[in-house]
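Sequence order for the protein chains is G and U. Oh and the first sequence: position 158 is 161 in the working numbering, straight run, nothing missing. Oh and the second sequence: position 536 is 538 in the working numbering, straight run, nothing missing. Glycine residues also receive a C-beta, built at the ideal position from the N, C-alpha and C atoms.
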Amino acid sequence: MSTRRGFIKSGALALFATGIGGVPAFIANAANSNKIIAPYKKSKKLVCIFQRGAMDGLMAVTPFTDDNLKLARPNLFMTAAKGSSNSPLIDLDGRFGLHPTMKAFEPLFREKRLGIVHAVGSPNSTRSHFDAQDYMEAGTPFNKGTSTGWLNRAVGLLGHDGATPFQAVSITSSLPKSFYGDNPSLAINNLQDFAIQMRGNPLAANLAAKSFEELYDQTSSNLLSRTGKESFDAVKMLQKANTKNYKPANGAVYPETQLGNSLKQIAQLIKMDVGLEVAFTECGGWDTHYNQGTEGGAFARNVGDLSNCINAFWADISTYQDDVTLMTMTEFGRTVKQNGTGGTDHGRGSCLFLLGNDVNGGIVHGNMPLLAKENLEDGRDVPVTTDFRSVFSEVADSHLKINNDRVLFPEWDGKKIGVMKG
Amino acid sequence: MKKYSSVVFILFFLIGIVPVLSSFIINDSSDSLSSLKFPFKRAGLTERQAAAHLLSRFTFGTTPNQIDEVVKMGLVKWFEQQLAANLPDDSLNVALAPYETLNLNNKQLINTYLNSGQLINLAIKEGVVPKDSALHFEYKNHKAQIDSFMKERGFKQQQEVVRQLIGQKIIRSASTNNQLQEVMTSFWYNHFNVDVTKDNSTNYVICYEKDVIRPNSLGKFEDLLAATAKSPAMLTYLDNFRSVASMNNQGPEVVAKNLKDLYQQQQQMRAKGDTGSKFKDLGNKINYLKNLQGLNENYAREIMELHTLGVDGGYTQTDVTNAAKVLTGWTIFPMNDNQGLQGIQKMIDKVGIEKLTEQGYVHDGDFMFAVNKHDQTEKVVLGNTFPVKGGVDEGKKLITMLAHHNSTAHFICKKLAVRFVSDNPSKDLIEKMATTFLKQDGDIRQVLTTMVASPEFWSKNSLREKIKSPFELTISTIRALNAKVTQPYQLFSWISRMGEKMYHYQAPTGFPDRAQYWINTGSLLNRMNFGLALANQKIPGLTFNLAALNNHHEPESMEAALTTYCKLLLPERDVKETVNRLMPLVNDPQLSNKIAAAGKAVKNEPEHPAMGNDMMMTMMDSGVKNDSKSKDATKKNELNNNKQASLNSMAANNNNMLSQVAGIIIGSPEFQRR
Numbered sequence: 004m005s006t007r008r009g010f011i012k013s014g015a016l017a018l019f020a021t022g023i024g025g026v027p028a029f030i031a032n033a034a035n036s037n038k039i040i041a042p043y044k045k046s047k048k049l050v051c052i053f054q055r056g057a058m059d060g061l062m063a064v065t066p067f068t069d070d071n072l073k074l075a076r077p078n079l080f081m082t083a084a085k086g087s088s089n090s091p092l093i094d095l096d097g098r099f100g101l102h103p104t105m106k107a108f109e110p111l112f113r114e115k116r117l118g119i120v121h122a123v124g125s126p127n128s129t130r131s132h133f134d135a136q137d138y139m140e141a142g143t144p145f146n147k148g149t150s151t152g153w154l155n156r157a158v159g160l161l162g163h164d165g166a167t168p169f170q171a172v173s174i175t176s177s178l179p180k181s182f183y184g185d186n187p188s189l190a191i192n193n194l195q196d197f198a199i200q201m202r203g204n205p206l207a208a209n210l211a212a213k214s215f216e217e218l219y220d221q222t223s224s225n226l227l228s229r230t231g232k233e234s235f236d237a238v239k240m241l242q243k244a245n246t247k248n249y250k251p252a253n254g255a256v257y258p259e260t261q262l263g264n265s266l267k268q269i270a271q272l273i274k275m276d277v278g279l280e281v282a283f284t285e286c287g288g289w290d291t292h293y294n295q296g297t298e299g300g301a302f303a304r305n306v307g308d309l310s311n312c313i314n315a316f317w318a319d320i321s322t323y324q325d326d327v328t329l330m331t332m333t334e335f336g337r338t339v340k341q342n343g344t345g346g347t348d349h350g351r352g353s354c355l356f357l358l359g360n361d362v363n364g365g366i367v368h369g370n371m372p373l374l375a376k377e378n379l380e381d382g383r384d385v386p387v388t389t390d391f392r393s394v395f396s397e398v399a400d401s402h403l404k405i406n407n408d409r410v411l412f413p414e415w416d417g418k419k420i421g422v423m424k425g
Numbered sequence: 003m004k005k006y007s008s009v010v011f012i013l014f015f016l017i018g019i020v021p022v023l024s025s026f027i028i029n030d031s032s033d034s035l036s037s038l039k040f041p042f043k044r045a046g047l048t049e050r051q052a053a054a055h056l057l058s059r060f061t062f063g064t065t066p067n068q069i070d071e072v073v074k075m076g077l078v079k080w081f082e083q084q085l086a087a088n089l090p091d092d093s094l095n096v097a098l099a100p101y102e103t104l105n106l107n108n109k110q111l112i113n114t115y116l117n118s119g120q121l122i123n124l125a126i127k128e129g130v131v132p133k134d135s136a137l138h139f140e141y142k143n144h145k146a147q148i149d150s151f152m153k154e155r156g157f158k159q160q161q162e163v164v165r166q167l168i169g170q171k172i173i174r175s176a177s178t179n180n181q182l183q184e185v186m187t188s189f190w191y192n193h194f195n196v197d198v199t200k201d202n203s204t205n206y207v208i209c210y211e212k213d214v215i216r217p218n219s220l221g222k223f224e225d226l227l228a229a230t231a232k233s234p235a236m237l238t239y240l241d242n243f244r245s246v247a248s249m250n251n252q253g254p255e256v257v258a259k260n261l262k263d264l265y266q267q268q269q270q271m272r273a274k275g276d277t278g279s280k281f282k283d284l285g286n287k288i289n290y291l292k293n294l295q296g297l298n299e300n301y302a303r304e305i306m307e308l309h310t311l312g313v314d315g316g317y318t319q320t321d322v323t324n325a326a327k328v329l330t331g332w333t334i335f336p337m338n339d340n341q342g343l344q345g346i347q348k349m350i351d352k353v354g355i356e357k358l359t360e361q362g363y364v365h366d367g368d369f370m371f372a373v374n375k376h377d378q379t380e381k382v383v384l385g386n387t388f389p390v391k392g393g394v395d396e397g398k399k400l401i402t403m404l405a406h407h408n409s410t411a412h413f414i415c416k417k418l419a420v421r422f423v424s425d426n427p428s429k430d431l432i433e434k435m436a437t438t439f440l441k442q443d444g445d446i447r448q449v450l451t452t453m454v455a456s457p458e459f460w461s462k463n464s465l466r467e468k469i470k471s472p473f474e475l476t477i478s479t480i481r482a483l484n485a486k487v488t489q490p491y492q493l494f495s496w497i498s499r500m501g502e503k504m505y506h507y508q509a510p511t512g513f514p515d516r517a518q519y520w521i522n523t524g525s526l527l528n529r530m531n532f533g534l535a536l537a538n539q540k541i542p543g544l545t546f547n548l549a550a551l552n553n554h555h556e557p558e559s560m561e562a563a564l565t566t567y568c569k570l571l572l573p574e575r576d577v578k579e580t581v582n583r584l585m586p587l588v589n590d591p592q593l594s595n596k597i598a599a600a601g602k603a604v605k606n607e608p609e610h611p612a613m614g615n616d617m618m619m620t621m622m623d624s625g626v627k628n629d630s631k632s633k634d635a636t637k638k639n640e641l642n643n644n645k646q647a648s649l650n651s652m653a654a655n656n657n658n659m660l661s662q663v664a665g666i667i668i669g670s671p672e673f674q675r676r
């Protein structure tokens, strides 16, 4: 006992010393065994954003020198030429231009922290959102029966157990397929709601929490008592963190959007040192069959939000930037040609963004052919020239030090393309 | 008072009708069931404990006094009555009357309930919205036009189908008298899972559950399997509707391999910048091969892996491919008035239905066998030869073969035992059930009877061993509290938060049926919060009366209340530990005052689920007539019934305490088990 008390008093652990029922069990255990507590050891963190609905990679990062695209998209094509419009594309390298609303990404790209992979996607040519998301999240593009998600397998391959319930957290209302599997993972819609709640009646909630904690502690079902303990540990940690009055660092301003809110919460978890290693969240609205717009409109709002949210997140976690890699993904891209309703239909290759100090940034990776008809997949779509698993596995290997790609992506034996440094 | 009397009425009604029914139906099957005995005494259970166990397995939860009823009727008789599944459901039918989608067939649903994309396209096509606006289309700018277009043409939003699907399931599960049939409907729906959000499956799911699953849920397995195979929901969900014969004799795996090689060549040439005529030839070759890939193995694989044999059921990839060939041409009869129908109608008009039928074409309800898309070659599946030109019959033969396979018997029986006995049922039990399955032509009633007559079913190891799924937790709470549901969609948001977004499971496996899947750090807290929110009447559209549960006897003390409500909500369970743990809570002399004081401030503030789409849910629920008037009436009755309640603040405090206690019981570990 004395060890534990001394330990708690001695440092940051005092943070958790009081709560609805005292000290989280894992801290007590660690204190009793005099082990170094993992949450206070620096760990690498991977943050993934799934853009559901299939982002038009050709509009986010446009090969603006390609006249084929100009011809195929008379109402949607934009150029980087100065004076061509009020807000031309941001010329990245003379060939690719970033959508003007993504200007927050430009400095990150110039500093070589932001990398882009183009014409990336799945080798399975399905154009069904359902199947393509499923395949991508499972990490097995030809196997529908895969019951686990690639990020859950990644957690299992980290080589150590999670020190806290927060090792793998998805800021979503339900567990995404990426997180399916036997390794512990947590879906939280909102950190503030992660508590025993009775709106406006904290006293009653606190009493109820106490009762629940005791009831779960003594139940004969191991599963219920173990999970109950984990839950209350997590609640206590969050309770001390004052999630409600969180102030982002460096004057970072998150957009008031779902994605902004999610990334803010991931930043909070990172800065709380609760042992987070894999985080996931998602954003929607990418299925732009109608009125996609150009420098304004639905697509512009979406990519603007994406880049502003990520930029705010990056500023907010300043002291942790060396530990964090962020990666976006989307199930497929969209047709090269615009359709009859000012939008684009389901296609194949799209692009993804990688942000981090270990990222081989400032480059548009991948292989984007000229968009002449004979180069297109099925004569209509950006061909997938980089398998998403090539990028995912390189990021996991390089950043999280996972070396068993056979488990992470069972059917994959392809090459890496150098999206990460070293 | 009204509510109470209707319960009494239903009770009388039930008691009155049972002897009539039993003389009609139950004797019908009494040849095989008359000797049925439940060996619970050998397991050391009292009759009441046995009744509680029986109810925990074959209903969505025990209602107040139900154990008394079952004991009085006799456990075997109750079970047989549930197997017969033909008790009248008058009050349920009244409650479901506003759910108009339940009265429509697939064709009507498809042509009435449109998603916004379909609506906009149609509006543009018919000139309601100017065509040139397509490029700058903003729904909000044309809302009025589209709304009046919908009204004029009788179109409705597709989302309404999903809302009604979920609403009817919650209401039905909570109140049908044929509980076992509904439990089995859930079981089989999950077994033959269809995700309501997949592409065009949405409108088909209403009829899929109502006409395909439920009527076959206690029949022969083969009938159920065949009905799912021919249903538009399954044909769409697992892509068989588009699976057609390959035009050459190469298997799709050969084509796929060739394609893969060609893609690699293409990629290499592209990398080298070699895009000359050779490159173009390659592209043409690829496109040619792609058109040959008409076969879609998705359904053929899942019918073996998930629906019948099981993943270790002894089939090979060749069996999958050949089964897919057997099922080519099994598709949906076009029913969308705005597309598709013309083509097939033209063919019928041109060739004539008689000639088509002669050639092997079949039109059976929503199902169509398109003989011109069928692979006419000889195939071998699981060692059985399907000769050339087998037509639709070879698919039927395949289904019969799979339905009666030894692996299927074991796979299905294990799944049933997991559902009804424990997460790890014994091999002996599965063997017994599988023997019945094979001997009795896959008769699900007989299999369940074998299961419930086994000592394993009553073993102390299986008592309370199952963890309720979030749906089961929710419905069992409604039933335990005798609650009235007027806005079921609100409950859906809680069920989703707890981890079971009904009808929305993406993978064809359905939700896993094991405790570890349901219980995790996030979901467990949501279960506790659900208990608290519900007991404190913070879930809109759900009303109940805790005092009425105890026949308006006000407990003498909070201690008495605790014991009473533990027993009411957890009948025949050992609640000593729960009571002991909670006793200090209710014994705090200042507690009730504190809670009351804090409670006043929030009395009428509904507990909104933090899902971000509360607004939508509330809007959606308001689609079905809200009975705020009757809610007020119920409230008035509560007050009248409780003589002291209106003015006596002590009683109000007690009510707050009672809610708190009930909430904690519902969120307690014991209530999560069944």
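Asked: Buried versus exposed call for Asn-37 (chain G) [16 or more other C-beta atoms within 10 Å across all chains shown]; Found: Per-residue confidence for Asn-37 (chain G) stands at a pLDDT of 42, beneath the threshold of 50, marking its modelled position as unreliable; the derived number appears in the next sentence. Asn-37 (chain G) is exposed by the Cβ-count criterion.
Asked: Close-in-space but distant-in-sequence residues of the same chain around Asn-360 (chain G) (CB under 7 angstroms, 5 per side omitted); Found: Arg-116, Gln-324, Asp-325
Asked: Proximal chain U residues relative to Gly-231 (chain G), where beta-carbon distance stays under 8 angstroms; Found: Leu-526, Pro-671
Asked: 8 angstroms Cβ shell around Gln-147 (chain U) - same chain, five flanking residues per side excluded; Found: Ala-125, Val-130, Val-131
Asked: Distance, Phe-243 (chain U) Cα to Asn-374 (chain U) Cα; Found: 13 angstroms
Asked: Short Cβ contact (9 angstroms threshold) for Ala-247 (chain U) with Leu-297 (chain U); Found: yes
Asked: Terminal residues of the alpha helix (DSSP H) in which Glu-299 (chain U) lies; Found: Careful: Glu-299 (chain U) lies outside any alpha helix (DSSP H) and carries neither H nor E.
Asked: Closest Cα partner of Pro-542 (chain U) within the set U:Gln-492, U:Gln-518, U:Lys-578, U:Arg-575; Found: U:Gln-492
Asked: The beta strand (DSSP E) enclosing Trp-332 (chain U), as first and last residue numbers; Found: 332 to 334
Asked: Three-state class that DSSP yields for Gln-54 (chain G) in the structure shown; Found: strand
Asked: Cβ neighbour criterion (16 or more within 10 Å) applied to Met-585 (chain U); Found: exposed
Asked: The alpha helix (DSSP H) enclosing Ile-119 (chain G), as first and last residue numbers; Found: Not the alpha helix (DSSP H): Ile-119 (chain G) falls in the beta strand (DSSP E), residues 117 to 124.
Asked: Where Leu-226 (chain U) meets chain G, residues with beta-carbon distance less than 8 angstroms; Found: Result: empty, since nearest Cβ-Cβ is about 22 angstroms, beyond 8 angstroms.
Asked: Chain G contacts made by the region 485 to 504 of chain U, where a contact means CB separation under 8 angstroms; Found: Ser-498, Arg-499, Gly-501, Lys-503
Asked: Beta-carbon proximity check, Leu-570 (chain U) vs Ile-666 (chain U), cutoff 9 angstroms; Found: no
Asked: Chain U contact for Tyr-219 (chain G) (CB, 9 angstroms cutoff); Found: yes
Asked: Chain-order list of residues whose beta-carbon lies under 6 angstroms from that of Val-238 (chain G) (same chain, five-residue window excluded); Found: Ala-198
Asked: Residue from U:Leu-121, U:Phe-673, U:Ser-661, U:Gln-674 whose Cα sits closest to the Cα of Met-201 (chain G); Found: U:Ser-661
Asked: Top-ranked residue by Cα proximity to Asp-677 (chain U), from U:Gln-166, U:Lys-327, U:Leu-284, U:Met-236; Found: This structure cannot settle anything about residue 677 (chain U), because the visible part of chain U is limited to 3 through 676.
Asked: Residues within the region 280 to 301 of chain G neighbouring chain U, beta-carbon criterion of under 7 angstroms; Found: His-292, Tyr-293, Asn-294
Asked: Among U:Ile-469, U:Asn-338, U:Val-73, U:Val-328, the one whose alpha carbon lies nearest that of Val-383 (chain U); Found: U:Val-328
Asked: Validate contact between the region 120 to 132 of chain G and the region 146 to 161 of chain G using beta carbons, cut 8 angstroms, 3 pairs; Found: no
Asked: Cβ of Arg-421 (chain U) within 9 angstroms of any chain G Cβ; Found: no
Asked: Span of the beta strand (DSSP E) around Leu-329 (chain G); Found: 327 to 333
Asked: Counted within 10 angstroms of its Cβ, other Cβ atoms place Thr-359 (chain U) as buried (16 or more) or exposed; Found: exposed
Asked: Residues bridged to Tyr-115 (chain U) [DSSP beta-bridge criterion]; Found: U:Lys-158
Asked: Top-ranked residue by Cα proximity to Thr-328 (chain G), from G:Val-367, G:Tyr-257, G:Asp-400; Found: G:Asp-400
Asked: Given Gln-674 (chain U) as reference, the closest of U:Phe-546, U:Ser-478, U:Tyr-363, U:Ile-208 once Cα atoms are compared; Found: U:Ser-478
Asked: Cα-Cα separation between Asn-193 (chain G) and Pro-168 (chain G), rounded to whole angstroms; Found: 15 angstroms
Asked: Residue-level contact to chain G via CB, Asn-300 (chain U), 9 angstroms cutoff; Found: yes
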